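In this note's numbering, the protein residues as written are 0 to 145. Encoded as structure tokens, the structure appears first; notes follow it.
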Amino acid sequence: MQIVYFSSTSENTHRFVQKLTCVSHRIPLNLQEHMVVDSEYILICPTYSGGGKNTHGHVDTRGAVPKQVIHFLNDEHNRKLCRAVIGTGNTNFGDSFALAGPIIAAKVGVPLAYQFELSGTQEDVARVQMLIDEKITQPEKAPMLV
Numbered sequence: 000m001q002i003v004y005f006s007s008t009s010e011n012t013h014r015f016v017q018k019l020t021c022v023s024h025r026i027p028l029n030l031q032e033h034m035v036v037d038s039e040y041i042l043i044c045p046t047y048s049g050g051g052k053n054t055h056g057h058v059d060t061r062g063a064v065p066k067q068v069i070h071f072l073n074d075e076h077n078r079k080l081c082r083a084v085i086g087t088g089n090t091n092f093g094d095s096f097a098l099a100g101p102i103i104a105a106k107v108g109v110p111l112a113y114q115f116e117l118s119g120t121q122e123d124v125a126r127v128q129m130l131i132d133e134k135i136t137q138p139e140k141a142p143m144l145v
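Next comes the structure, spelled out in structure tokens:
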């Protein structure tokens, strides 16, 4: 199973993906660049929002999903090939931690497979690698680690 991921100029998600042993494709930073995938993938997406509560007291989700990821998933072909989502973020943002993951999973109709902080730990890398390997050999029985 390949990985499709977005990483800002902070490179946190990119550093994490480099530790995995699988094919990966980075969603371009430039919104003018269009990327199309040709096979099933697991999406890894960081969260970008300041958090906080909206006027109704709920977590403010505006801006949580990067525009580049929205652009990529607006292509129906790309969206249909997504098999799971892994969210990443910073626990300093409390309730907004890795918020893009569950938002995307719900919108696309796929499982939220895992969440990790910043560049992840060695344990995070091992768990995600296991998920990728299981998706390759037994897609219907792959463990969800959240």
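The C-beta atom is built at its ideal place from N, Cα and C for all residues, glycine as well. Just so we're clear, the structure is a prediction, and the values are computed from it rather than from any experiment.
Find out if the Cβ-Cβ distance for the pair residue i, residue j is shorter than 9 Å.
| i | j | result |
| --- | --- | --- |
| Ile85 | Cys44 | yes |
| Asp123 | Phe5 | no |
| Thr120 | Gly88 | no |
Which term fits residue i, buried or exposed, when burial requires 16 or more other beta carbons within 10 angstroms of its beta carbon?
| i | result |
| --- | --- |
| Ile26 | buried |
Classify residue i as helix, strand or coil using the three-state DSSP reduction.
| i | result |
| --- | --- |
| Ala105 | helix |
| Thr12 | helix |
| Ala112 | strand |
| Ile85 | strand |
| Leu72 | helix |
| Val145 | Low per-residue confidence applies at Val145: pLDDT is 49, beneath 50, and the placement is therefore not dependable enough to give any value. |
As a quick exercise: from the options, pick the residue whose alpha carbon is nearest that of residue i.
| i | options | result |
| --- | --- | --- |
| Ala83 | Pro65, Val127 and Asp94 | Val127 |
| Ser38 | His76, Gln67, Phe71 and Val107 | His76 |
| Thr90 | Leu30, Val68, Ser48 and Tyr40 | Ser48 |
Is there contact here, the segment 95-105 with the segment 9-16, by at least three beta-carbon pairs under 8 Å?
no
Is the segment 65-80 in contact with the segment 110-119, if contact means three or more CB pairs nearer than 8 Å?
Cβ pair count under 8 Å is below three, so no.
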